[in-house]
Amino acid sequence: MKVLIETPEDSLSLENEVIKAVSEGAEHCFPLERLEEAVVITTDMGPFYDDMGLALRMDDGTAVFILSGHRDYDPFLFQQLSKSIEIDYEAIIQASACTDNKIFRIYKRD
C-alpha cells in the first residue's frame with residue numbers, strides 16, 4: 001500500500017510512538033517499531049517543482065510519502081521523528097544540496 005501526503009487536508013505526525021498519516025480522508029496509524037527504513041528522495045525537477053521528499057517504509061511493505069513543500073514535512077522530520085529515532089543528518093544535508101535523481105537513506109532499523 002502507498003500512502004501519499006500531498007494535499008493541504010492530508011497530514012503526517014508522530015505522537016506517542018505512533019506515526020499517523022491522514023490521506024484522502026483515511027487515517028493510517030503505524031507504531032514506530034514497524035518503521036523499517038526512511039529515505040530522502042531527490043529529483044532533477046527543481047526549481048519549478050518540489051524536488052525532494054521523504055519516504056517511510058514499514059515492515060509490511062507500506063510506504064508513506066511526503067514532499068518537502070508540505071507543511072508537515074519539516075515538523076515531522078526534524079521535531080518529531082528525529083527525537084524518537086537516530087537519523088543521519090549528513091545524508092539529509094547531502095540530499096538538500098543534490099540536484100539529481102537520488103535516494104539518501106537517513107534511517108534503517110537494525
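Residues 1 to 110 in full-length UniProt numbering are what the sequence shown lists, from first letter to last. The beta carbon of each residue, even a glycine, is placed where N, CA and C say it ideally should be. This one's a predicted model, so the numbers in the text were calculated from it and none came from an experiment.
Contact check for Ile-103 against Val-64 fails: the beta carbons are separated by 8 Å or more. Thr-99 and Leu-14 have their C-alpha atoms some 29 Å from each other. For Ser-13, the enclosing beta strand (DSSP E) stretches over residues 11-15.
Within 10 angstroms of the beta-carbon of Val-3 lie 16 or more other beta-carbons, which makes it buried. Following the DSSP letters along the chain, one finds Ser-96 inside the alpha helix (DSSP H) bounded by residues 89-97. Considering only Glu-27, Ile-19, Met-1 and Thr-7, the residue with the shortest C-alpha distance to Lys-83 is Ile-19. Nearest to Lys-108 by alpha-carbon distance, out of Thr-7, Asp-44 and Leu-35, is Leu-35. Put simply, the backbone Cα of Tyr-73 is about 7 Å away from that of Ile-66.
A straight-line Cα-Cα distance of about 31 Å links Met-45 and Phe-30. By the Cβ neighbour-count rule, Met-1 is exposed, with fewer than 16 other Cβ atoms within 10 Å of its own.
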